[in-house]
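Read through the structure below, which is laid out as structure tokens, and then see the notes.
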Amino acid sequence: MGLFQFRVMPFGLCNAPATFQRLMENALRGLTFKGCLVYLDDIIVYGRTEEEHLERLEGVLSRLQSVGLKIKPEKCQLMRQSVRYLGHIVTQHVTTDDIE
């Protein structure tokens with residue numbers, strides 16, 4: 227029958243989340259905790275100034291492209307003062323629980 231290779235991560239494999247997390251950590255190595263955080267397919271990019279944020283965002287997007295990962299623009303939230311991330315609402319000054 228030949229060889230087969232997945233083009234996307236299939237559902238149901240017991241190690242899929244850990245494998246995907248490792249992929250994302252390797253893809254963004256050197257950028258995490260220096261301008262971005264990643265948990266599975268949730269990436270948050272941060273900066274003290276708009277210029278710094280844009281520079282870091284460009285770095286993350288460039289890195290994702292260079293390793294062949296794609297994003298869906300309609301799922302992205304760009305240039306936000308606050309974001310919902312992993313059950314929290316994160317702003318520049320405070321992180322609170324997201325009650326929704």
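Per my numbering, the very first residue in the sequence shown carries number 227; after that it's consecutive. All residues carry an ideal CB built from backbone N, CA and C; glycine is no exception.
Enumerate in chain order the residues of its own chain whose CB-to-CB distance from residue i is below 8 Å, with the five nearest sequence positions on each side excluded.
i    : result
Q307 : T317, Q318
T322 : H314, I315
What three-state label does DSSP hand residue i in the structure shown?
i    : result
H319 : coil
V309 : strand
V264 : strand
T258 : strand
V293 : coil
V271 : strand
Using a Cβ-Cβ cut-off of 7 Å (strictly less than) and excluding sequence neighbours within five positions of residue i, which residues of its own chain qualify?
i    : result
L295 : A253
L290 : A253, I297
D324 : R310, G313, H314, I315
Residues in the same chain with beta-carbon distance under 6 Å from residue i, minus the five sequence neighbours each way, listed in chain order, please.
i    : result
M250 : V264
T245 : none
Indicate whether residue i and residue j have their beta-carbon atoms separated by less than 8 Å.
i    : j    : result
L257 : V286 : yes
V271 : L283 : yes
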